[in-house]
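Student: Dropping the structure in here first, questions after.
Residue numbers (the working numbering), protein chains in the order written: chain A, 1 to 667; chain B, 1 to 264.
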């Protein structure tokens, strides 16, 4: 018994030390530069892969050399990342760093796939640190001890160099007041690169030592980045001490307490903890004052208005008509696959629209919109499976439940500003994602019933488009339009199109109402809106509820579209991808996100024809957008206007249109 | 509307009173037991050297900062615990520097947002989501009236960002007026302005906000002497002196601590 407890504690400590190294870099980077580095997990993975490559030719004896060389290489990569991608964004809203580093995740992750392939490998390690030793009659893994000792030494070394060296002093001073340090004649930008490189090297070191006991695989970065954020938030963004305490706490909690004794709660407790901390003490356990949100607005594309309202309306109408024609050409002009692709574009267009409604109009960046999308998807699936086949009931439930949860999340978190709001939405989404796995089945009236189906998900749905027996089954009817017969997916296309058009018109109407006026004023200047007598928190919460409802609708539609649902529909990559779409198209316009969705899926479609690693290209494009074209595609006409001879510029539809010319709606 | 003169202050009708107001930032005391009493219709200026706690005082009155200790009464009621927006609704308006209008919105939208706040009780939540703004008559009437009052009716559809300097100033004052305040706080409305611009702004304030009680933070001592009914001199968070311009000008402590230092 005692032996078991000690073994668990040792496991917890081992993982905890790895987390400490990972979180320390992340936290210091935030503390000094106010950059939230989503790519930190990928740097962690890169460390392990470089070590793998270095050790392979020489065998386990090269382990120690790799432990030094690989972090140095990753450190250099870190410096390059800081200098060429992060640096141009200083002075902008810190949320752009989140977007940028998310793009880097896509790029680096796909590079890893490209170079090392999808398989898992293990890292050879020297005999010296293998096997077990007997400590007080207990068999203890030597490698565990090695991780704890080497990791602690490393963490201590970093702490000491921050605390006692000249460099450390300047870095700490810079995190207090960077202008002051500049005034002293110190080139702080060089130190920023150094800090970023050091953080990257630490992550790489952590990746290598963990890889010695676990496998090296391309998803290893993805799997640690979210826990790393939890730790940094728990300990306090920017606090080294906090990263140490948080890392050990989460490591021990996860490995020593939850996994052996409360497996049901594993993966959920840490997010509850994160939410609790953010609500009660946003600066974390060890953080000092919450850092000021750097000035700099979110850059919207709302001023691309060349066309007068009438022309825009006509263009929008023409767009809808054009979209309505798409299924008619399926099978003759192009394959039915195009229609499937367009359905995806329409559904995600609605999802992106829902996110933009809060991001582009109230400045709230949600990193957890997958929560509402996934919720809608699951509500529809569970309703159709267990309650009624009626799509109307299922979709209505999806909207209502998503709105209710959005109200709840908004009620708790909207008063928490900026970066912290982003983190709290991420935590809620991860909580839900983990709950999906836990709520596999439940006991109901003594009978075991499937709820979410765990990792398998729910499939084989048989939706009925109607209510109380009045309606149609899309799979068993056909509608003739001339000589073309529309069935199944081709009919569902119209359901998706109708949802998008209704969502678009509804939100547009809202923006013309007194409510929308206030939203726009919040985006322009929230403090001023307060001093006109508006309780801006209430308005933001209402916007969040509407956004959640629309996201839930889009998730529900996606379930109807694919006929199944599984946890991937709610993972954090979903939240990231929808942000990518909003940025690609342009925040702060209603048609921008739809254009973004179109661009995203068209790119995916075209690129997958050439390579499986399309995210590499997409990620690179996204990174370029964040740096050079943050207002998105809708801002292109405005940018080009000065160079065009006379007259109004082209309309908002200037994206590179691939084979199918139909984009989603105009304003 | 024809030009009106500010009416003489009616003694005994207090609109704003602060009682032992304290605000600390860590160890530093920015506002130190300030007792103020402002009469309805009064033009009160707050002066004092940099760091005297003038802006902090305004932040406390408007609710932008919570008090550390003390009480604020407005119209005889304790408003110390109210949020900024609740205070605005009670009639405390706050003017910002002109760069603070909603730049991306039109002149009309700027004013209408303020008017909408006043008329917010006239529509329910569902209606306010879906009924377009042009359907609200009283709100739009109020907007038109104010646009005319500040002379912006002919450029109401322009985006606030592209306005000329003087017009932005008019807009800022129009927006404050549209919130229907009884008391308006002006924090250095003329900062960075030339002599003529300053005079123009003051004239506009005096002309448009004729029914309001005004509190003004201002560096230009001559201007303050000319305009104010009463002046409060702050120094290191405390009230150093208070009274009519003559009384303050002749106060020895003020001359020593402040005016002497100002005339360089």
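We put the CB at the ideal spot given by N, CA and C, even for glycine.
Mind listing which residues of the segment 519–530 of chain A have their C-beta closer than 9 Å to chain B's C-betas, in chain order?
Tutor: Cβ contacts with chain B come from 520, 521, 523, 524, 525, 527, 528, 529, 530.
Student: Identify, in the order they occur along the chain, each residue of the same chain with its Cβ nearer than 8 Å to the Cβ of residue 21 of chain B, setting aside the five sequence neighbours on each side.
Tutor: Taken in chain order, the residues that qualify are 31, 33, 34, 35, 36, 57, 60, 67, 69, 70, 71, 72.
Student: Scan the segment 497–510 of chain A for residues whose Cβ lies nearer than 7 Å to a Cβ of chain B and list them as they occur along the chain.
Tutor: Under the 7 Å Cβ criterion, the segment 497–510 of chain A contributes 509, 510.
Student: Any idea if residue 215 of chain B is buried or exposed, counting beta-carbon neighbours within 10 angstroms, 16 or more meaning buried?
Tutor: It counts as buried.
Student: By alpha-carbon positions, which one of A/542, A/642, A/627 ends up nearest to residue 299 of chain A?
Tutor: Nearest option by C-alpha distance: A/627.
Student: Distance check for residue 495 of chain A and residue 27 of chain A, CA to CA, integer angstroms please.
Tutor: If I take the Cα positions, the gap works out to 46 Å.
Student: Taking a cut of 8 Å between CB atoms, which residues from the segment 262–274 of chain A lie near chain B?
Tutor: Here the close residues number zero.
Student: With 16 other CB atoms within 10 Å as the buried threshold, where does residue 608 of chain A fall?
Tutor: Residue 608 of chain A should be labelled exposed.
Student: Please report the Cβ distance between residue 218 of chain A and residue 113 of chain A, rounded to the nearest whole angstrom; I am assuming they are in contact, meaning their Cβ atoms lie under 8 Å.
Tutor: With 8 Å as the limit, residue 218 of chain A and residue 113 of chain A qualify as a contact, their Cβ atoms being about 5 Å apart.
Student: Given residue 670 of chain A, which residues of its chain have a CB within under 7 Å of its CB, disregarding the five upstream and five downstream residues?
Tutor: The requested residue 670 of chain A is not part of the displayed model; chain A covers only 1 to 667.
Student: Hey, would you say residue 671 of chain A sits closer than 8 Å to residue 321 of chain A, going by beta carbons?
Tutor: As displayed, chain A neither begins before 1 nor continues past 667, which places residue 671 of chain A out of reach and without an answer.
Student: Can you pull the chain B neighbours of residue 515 of chain A, defined as C-beta to C-beta under 9 Å?
Tutor: Going along chain B in sequence order, the residues near residue 515 of chain A (Cβ under 9 Å) are 125, 128, 129, 130.
Student: Considering only the beta carbon of each residue, do residue 101 of chain A and residue 38 of chain A sit closer than 8 Å?
Tutor: Their beta carbons are under 8 Å apart, which means residue 101 of chain A touches residue 38 of chain A by this criterion.
Student: At which residues does the alpha helix (DSSP H) containing residue 200 of chain B begin and terminate?
Tutor: 195–208 is the extent of the alpha helix (DSSP H) around residue 200 of chain B.
Student: Got a sec: which bits of the segment 99–112 of chain B sit with their beta carbon under 9 Å from any beta carbon on chain A, in order along the chain?
Tutor: Against chain A - using a Cβ distance shorter than 9 Å - the residues of the segment 99–112 of chain B are 100, 101, 102, 103, 104, 105, 109, 110, 112.
Student: Within a Cβ cutoff of 6 Å, which residues of the same chain sit near residue 31 of chain A, ignoring the five residues on either side of it in sequence?
Tutor: Counting only Cβ-Cβ distances below 6 Å, and skipping sequence neighbours, we find 175, 238.
Student: Would you mind stating whether residue 18 of chain B and residue 237 of chain B have Cβ atoms separated by less than 8 Å?
Tutor: Contact flag unset, no.
Student: How would you call residue 292 of chain A, buried or exposed, if buried means at least 16 neighbouring beta carbons within 10 angstroms?
Tutor: The predicted model places residue 292 of chain A with a pLDDT of 48, which falls under 50 and marks its position as unreliable; any figure quoted below should be read in that light. Exposed, since its Cβ has fewer than 16 Cβ neighbours within 10 Å.
Student: Run the CB neighbour count on residue 23 of chain B, radius 10 Å, all protein chains shown included, and call it buried at 16 or more, exposed below.
Tutor: It counts as buried.
Student: Less than 8 Å between the beta carbons of residue 242 of chain A and residue 285 of chain A, yes or no?
Tutor: Against a cut-off of 8 Å, the Cβ pair of residue 285 of chain A and residue 242 of chain A comes out as a contact.
Student: Name the residue from B/239, B/246, B/235, B/251 whose alpha carbon lies nearest to the alpha carbon of residue 51 of chain B.
Tutor: Looking at the Cα atoms, B/235 is the closest of the given residues.
Student: For the putative contact between residue 117 of chain B and residue 179 of chain B, defined by C-beta atoms under 8 Å, what is the C-beta separation to the nearest angstrom?
Tutor: With a Cβ gap of about 6 Å, residue 117 of chain B and residue 179 of chain B count as contacting.
Student: I want to see whether chain A comes within less than 8 Å of residue 80 of chain B, judged by CB atoms only; does it?
Tutor: So no, residue 80 of chain B is outside the interface.
Student: Which one or two residues does DSSP pair with residue 94 of chain B in a beta bridge?
Tutor: Partner(s): B/185.
Student: Check whether the segment 1–13 of chain A and the segment 188–195 of chain A are in contact - that is, three or more C-beta pairs closer than 8 Å.
Tutor: Taking 8 Å as the limit for Cβ pairs, the verdict is that the segment 188–195 of chain A does not touch the segment 1–13 of chain A.
Student: By Cβ distance, which residues of its chain are closer than 6 Å to residue 252 of chain B, with the 5 residues on each side in sequence left out?
Tutor: None.
Student: Look at residue 172 of chain B and residue 101 of chain B and say whether their C-beta atoms are less than 8 Å apart.
Tutor: Cβ distance < 8 Å, so residue 172 of chain B and residue 101 of chain B count as in contact.
Student: For a contact defined as C-beta to C-beta under 7 Å, what are the partners of residue 364 of chain A on chain B?
Tutor: Neighbours of residue 364 of chain A on chain B: none; closest Cβ ~18 Å, over 7 Å.
Student: Here's the rule: buried if 16 or more other CB atoms are within 10 angstroms of the residue's CB, otherwise exposed. What is residue 180 of chain A?
Tutor: Exposed, because fewer than 16 other Cβ atoms sit within 10 Å of the Cβ of residue 180 of chain A.
Student: Can you pull the chain B residues whose beta carbon is under 7 Å from the beta carbon of residue 534 of chain A, in chain order?
Tutor: Within 7 Å Cβ-Cβ: 85, 117.
Student: If residue 563 of chain A and residue 459 of chain A are in contact, beta carbons under 8 Å, what's the gap, nearest whole angstrom?
Tutor: About 7 Å separates the two Cβ atoms, so the contact holds.
Student: How would you write the range of the alpha helix (DSSP H) that residue 405 of chain A sits in, first residue to last?
Tutor: Counting along the chain, the alpha helix (DSSP H) containing residue 405 of chain A begins and ends at 391–413.
Student: Tell me, which residues are paired with residue 159 of chain B by DSSP?
Tutor: According to DSSP, which records beta bridges pairwise, residue 159 of chain B is partnered with B/106.
Student: Are the C-beta atoms of residue 61 of chain B and some chain A residue less than 8 Å apart?
Tutor: Judged by the 8 Å Cβ criterion, residue 61 of chain B is not in contact with chain A.
Student: Considering only the alpha carbon of each residue, which of A/376, A/211, A/411 lies closest to residue 51 of chain A?
Tutor: Nearest of A/376, A/211, A/411 to residue 51 of chain A, Cα basis: A/211.
Student: Cβ of residue 434 of chain A within 7 Å of any heavy atom in the ligand HEM?
Tutor: Inclusion of the ligand HEM in the displayed structure is not the case, the ligand content being empty and no account of it being possible.
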